[in-house]
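Trainee: Supplied in structure tokens, the structure appears directly below.
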Amino acid sequence: ISRKDWLGYRFQTEPHCDLADQFTFYNVGGFGGAARRFNLDFYCKVFGIDSPKAEGVTGMDVNDLMAAGRYKEIAEYCVRDVVATTRLYEIWRDRL
């Protein structure tokens, strides 16, 4: 499946909203676009959201955690990531 088939028109925000596109104004304007792309941790700090990385686990740690059988820590990190993304979406939807 190509991205085009399941995401629809790039500039629509329903049923899929790419927050990275929204916060960089679709990366218009050539190299680097109108705004530089930042990661979720950055936007969490800017908008006062608890970062998924706040408890010391990052995406870079997942492979080692998996190898060590520490699945609960991976799941907890993923849940924190989803919560932070949801909160960031709510801020974008309601305020921006």
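So the sequence shown is numbered by this note's numbering: it starts at 305 and just counts up by one. Beta carbons are placed, not taken as given, at the ideal position from N, Cα and C, and that holds for glycine.
Take the Cβ of Cys321 as the centre, count every other Cβ of all protein chains shown within 10 Å, and call the residue buried at 16 or more, exposed below.
Mentor: Mapped onto the sequence shown, residue 321 falls at position 17. Cys321 comes out exposed.
Trainee: Hey, Ala324 and Arg340: beta-carbon distance below 7 angstroms or not?
Mentor: In the sequence shown, residue 324 corresponds to position 20, counting from 1. In the sequence shown, residue 340 corresponds to position 36, counting from 1. Contact flag unset, no.
Trainee: Check whether the Cβ atoms of Asp345 and Ser355 sit closer than 7 angstroms, and answer yes or no.
Mentor: The residue given as residue 345 occupies position 41 in the sequence shown. The residue given as residue 355 occupies position 51 in the sequence shown. Against a cut-off of 7 angstroms, the Cβ pair of Ser355 and Asp345 comes out as a contact.
Trainee: Any idea if Ala358 is buried or exposed, counting beta-carbon neighbours within 10 angstroms, 16 or more meaning buried?
Mentor: Here residue 358 refers to the residue found at position 54 of the sequence shown. Exposed: under 16 other Cβ atoms inside 10 Å.
Trainee: Under 8 angstroms Cβ to Cβ from Thr317, same chain only, skipping five residues before and after it: list those, please.
Mentor: Position 13 of the sequence shown holds residue 317. Contacts found: Gln326.
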